[in-house]
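Student: Would you mind keeping the following structure in view while I ask a few things?
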């Protein structure tokens, strides 16, 4: 970081490569790979926190914590990401009373643009900017997060008409964790909830990584999506219940090749937006070949969090790809749905595809200008700005 040549070129940090967005574009800058900078630094049982190196994956962190009788308060559906990358992009699970993973952050240790090492804690006024920093403020080397005692959850799953779910969202949001998958071109959804239980969890079978599994691991062509969805809803939505370790209960299964985007909208607009989404997909024949994932978080305080100051419903639209590039076949439905969710006060997930211009994004975040000013103070030369970030935050 203190090398002038690298500073002139620009510096970014590569994570696990799970993001579809251009946050870590290598164009015109040096990428630092911290994937070997991993492991637990310390556990503070009095404060119930864990300090972890930035390159540690969420999966590895969960395993370390489980061995210590601890767990994260919430868990994203994917655990391949690095802890630093997940926090920096406001990765979230589905806990209606909980914020994003960033809301559980207590401190970060980072290397600033001038090479100085700095620790920022949650009692500092600028910490809510650091919670979701997108790589703009420094190279994070360690993070301290809240933990809770390890526990088990009883997870129930059942196929339910979409209209019935939308009429009972308040009831679903009473669960500790909960959400649903809507199967496009059908009126059916699969609803799940997970609540604490004192029951012991049996061993998880090898390869069992959550639901829906059999369906989302198929890379269907768009034309095949319509007839398959009805069958998939019946298969994946068979009523069942089981007890799982808390982190395992919240995991999902995602195809290795996919393209997707996700918007956070105010919970108060969720039923209206999802109804319009379903009508639009059907009316325009949009070939969405995977379930639409609907999750919830509580409001949080991170300036750039999609959940900033509002209870949020997240709608994730994913297409499993037959090839790595997103063709017009896939971008067309994404563009239509992007516009639809934006009209419902949507804020896009930072680590996924979206079609919003920086000026549009700025209008959706009350503290956007404050973040830009802070970034300029901390990194006046734009060392950490790749093309994607420069367009938004220069």
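In UniProt numbering, the protein residues as written are 1 to 394. The beta carbon of each residue, even a glycine, is placed where N, CA and C say it ideally should be.
Sort 104, 83, 282 by Cα distance to residue 37 and report the nearest one.
Tutor: Along the chain shown, one-based indexing puts residue 37 at 37. Answer by Cα proximity: 83.
Student: Leaving out the 5 sequence neighbours to the left and right, which residues in its chain are closer than 6 Å to residue 96 when beta-carbon positions are compared?
Tutor: The residue you call residue 96 lines up with position 96 of the chain shown. These residues qualify, in order along the chain: 173, 296.
Student: On a CA-only basis, which of 103, 339, 344 is nearest residue 272? Give me that one, please.
Tutor: Indexing the chain shown from 1 puts residue 272 at position 272. Of the candidates 103, 339, 344, the one whose C-alpha sits nearest the C-alpha of residue 272 is 344.
Student: In the DSSP assignment, the beta strand (DSSP E) including residue 155 goes from what residue to what residue?
Tutor: Along the chain shown, read from residue 1 onward, the residue named residue 155 stands at position 155. Element bounds for residue 155: 152-161.
Student: With distance defined between alpha-carbon atoms, name the residue in 384, 161, 171 nearest to residue 187.
Tutor: Counting from one through the chain shown, the residue named residue 187 turns up at place 187. The shortest Cα separation from residue 187 among 384, 161, 171 belongs to 161.
Student: In its own chain, which residues sit with a C-beta less than 7 Å from the C-beta of residue 282, not counting the 5 before and 5 after it?
Tutor: Taking the chain shown and counting its residues from 1, one reaches residue 282 at position 282. Around residue 282: 185.
Student: In the DSSP assignment, find the beta strand (DSSP E) that holds residue 42 and state where it starts and stops.
Tutor: Locating residue 42 in the chain shown gives position 42, counting from the first residue. Element bounds for residue 42: 40-44.
Student: Starting from the N-terminal side, write out each stretch of the alpha helix (DSSP H) that is 4 residues or longer and does not extend beyond the region 334-393.
Tutor: Listed in chain order, the complete alpha helix (DSSP H) runs (minimum 4 residues) inside the region 334-393 are 358-364, 368-378, 387-393.
Student: Are the CB atoms of residue 72 and residue 104 nearer to each other than 8 Å?
Tutor: Locating residue 72 in the chain shown gives position 72, counting from the first residue. Locating residue 104 in the chain shown gives position 104, counting from the first residue. Result yes, Cβ atoms of residue 72 and residue 104 sit closer than 8 Å.
Student: Taking the DSSP output, what are the residues bridged to residue 144?
Tutor: Along the chain shown, read from residue 1 onward, the residue named residue 144 stands at position 144. Paired residues: 51, 107.
Student: Buried or exposed: which applies to residue 394, given that a residue is buried once 16 or more other Cβ atoms fall within 10 Å of its Cβ?
Tutor: On the chain shown, position 394 is the one that residue 394 refers to. Classification for residue 394: exposed.
Student: Leaving out five residues before and five after residue 151 in sequence, what residues of the same chain have Cβ atoms less than 6 Å from its Cβ?
Tutor: Here residue 151 is taken as the residue at index 151 of the chain shown, counted from 1. Cβ neighbours of residue 151 beyond the five flanking positions: 196, 246.
Student: Would residue 314 pass as a contact of residue 264 if the rule is Cβ separation under 8 Å?
Tutor: The residue labelled residue 314 in the question sits at position 314 within the chain shown. The residue labelled residue 264 in the question sits at position 264 within the chain shown. In this structure, residue 264 lies closer than 8 Å to residue 314 by Cβ.
Student: Could you spell out the range, first to last residue, of the alpha helix (DSSP H) harbouring residue 121?
Tutor: Here residue 121 is taken as the residue at index 121 of the chain shown, counted from 1. Here residue 121 belongs to no alpha helix (DSSP H); instead the beta strand (DSSP E) covers 117-121.
Student: In three-state terms, what does DSSP make of residue 15?
Tutor: Within the chain shown, the letter at position 15 stands for residue 15. Here residue 15 sits in coil by DSSP.
Student: Grab me the residues of residue 310's own chain with a C-beta within less than 7 Å of its C-beta, minus the 5 sequence neighbours each way, in chain order.
Tutor: Counting from 1 along the chain shown, the entry for residue 310 is found at position 310. Hits under 7 Å: 266, 299.
Student: Around the C-beta of residue 141, are 16 or more other C-beta atoms found within 10 angstroms, so that it is buried, or is it exposed?
Tutor: As a first step, residue 141 must be located in the chain shown, where it is residue number 141. Residue 141 comes out buried.
Student: At the level of alpha carbons, what is the spacing between residue 375 and residue 351?
Tutor: As a working note, residue 375 is residue 375 in the chain shown. As a working note, residue 351 is residue 351 in the chain shown. Between residue 375 and residue 351, the C-alpha separation is close to 19 Å.
Student: Which of the three DSSP states is assigned to residue 169 in this structure?
Tutor: One-based indexing of the chain shown puts residue 169 at position 169. Helix at residue 169.
Student: Please report the residue range of the beta strand (DSSP E) in which residue 195 lies.
Tutor: Against the chain shown, residue 195 aligns to sequence position 195. Where residue 195 is concerned, the enclosing beta strand (DSSP E) stretches over 188-197.
Student: Just to confirm my understanding: we take residue 391, look at its own chain, exclude 5 residues before and 5 after, and list those with CB closer than 7 Å. What are they?
Tutor: One-based indexing of the chain shown puts residue 391 at position 391. Around residue 391: 358.
Student: Ignore the nearest five residues each way along the sequence and tell me which others in residue 19's own chain have a CB closer than 6 Å to its CB.
Tutor: Here residue 19 refers to the residue found at position 19 of the chain shown. Taken in chain order, the residues that qualify are 351.
Student: Would you grab the beta carbon distance between residue 340 and residue 277 for me? Rounded to a whole angstrom, and I think it's under 8 Å.
Tutor: Translated into positions along the chain shown, residue 340 becomes position 340. Translated into positions along the chain shown, residue 277 becomes position 277. Indeed, because the Cβ distance is near 6 Å, the residues count as touching under 8 Å.
Student: Taking 6 Å as the limit between beta carbons, can you name the residues of its chain near residue 208, skipping five residues before and five after?
Tutor: Start at 1 with the first residue of the chain shown, and residue 208 comes out as number 208. Caution is warranted here: a pLDDT of 45 is assigned to residue 208, below 50, making its placement in the model unreliable, and the coordinate value is therefore given only provisionally. Excluding residues within five positions, none has a Cβ falling inside 6 Å.
Student: Tell me whether the beta-carbon of residue 80 lies closer than 8 Å to the beta-carbon of residue 59.
Tutor: Mapped onto the chain shown, residue 80 falls at position 80. Mapped onto the chain shown, residue 59 falls at position 59. In contact: residue 80 and residue 59 (Cβ atoms closer than 8 Å).
Student: Once you ignore the five residues that flank residue 346 on each side, which residues in its own chain have a CB closer than 7 Å to its CB?
Tutor: On the chain shown, residue 346 is found 346 positions in, with the first residue counted as 1. Closer than 7 Å at the Cβ level, and outside the excluded window around residue 346, lie 263, 264, 265.
Student: Would residue 441 be called buried (16 or more neighbouring beta carbons within 10 Å of its own) or exposed?
Tutor: Coverage of the chain is limited to positions 1 through 394, which leaves residue 441 absent and any answer about it impossible.
Student: Within 10 Å of its beta-carbon, does residue 29 have 16 or more other beta-carbons around it, so buried, or fewer, so exposed?
Tutor: Translated into positions along the chain shown, residue 29 becomes position 29. So residue 29 counts as buried.
Student: Which same chain residues, not among the five before or five after residue 244, have their C-beta less than 7 Å away from its C-beta?
Tutor: Residue numbering aside, residue 244 sits at position 244 when the chain shown is read from its first letter. 152, 153, 155, 201, 204, listed in sequence order.
Student: Restricting to Cα atoms, I'd like to know which of 74, 181, 24 is closest to residue 248.
Tutor: As a first step, residue 248 must be located in the chain shown, where it is residue number 248. With distances taken between Cα atoms, residue 248 lies closest to 74.
Student: Nearest-angstrom Cα distance between residue 147 and residue 48?
Tutor: Your numbering for residue 147 matches position 147 in the chain shown. Your numbering for residue 48 matches position 48 in the chain shown. Going by the C-alpha atoms only, they are around 5 Å apart.
Student: If you run the structure through DSSP and keep just helix, strand and coil, what is residue 293?
Tutor: Here residue 293 refers to the residue found at position 293 of the chain shown. DSSP places residue 293 in strand when its eight states are reduced to three.
Student: Between the Cα of residue 175 and those of 119, 163, 166, 194, spot the shortest distance and give me the residue it belongs to.
Tutor: Residue 175 sits at position 175 when you count from the first residue of the chain shown. Out of 119, 163, 166, 194, 194 has the C-alpha closest to the C-alpha of residue 175.
Student: Ends of the alpha helix (DSSP H) at residue 280?
Tutor: Residue 280 sits at position 280 when you count from the first residue of the chain shown. From DSSP, the alpha helix (DSSP H) with residue 280 extends over 270-284.
Student: Determine the contact status of residue 138 and residue 111, defining contact as a CB-CB distance below 8 Å.
Tutor: As a first step, residue 138 is located in the chain shown; it is residue number 138 there, counting from the start. As a first step, residue 111 is located in the chain shown; it is residue number 111 there, counting from the start. Against a cut-off of 8 Å, the Cβ pair of residue 111 and residue 138 comes out as a contact.
Student: Using only alpha-carbon positions, find the residue among 232, 274, 85, 101 that is nearest to residue 317.
Tutor: By one-based count along the chain shown, residue 317 stands at place 317. Taking only the C-alpha atoms, the option nearest residue 317 is 274.
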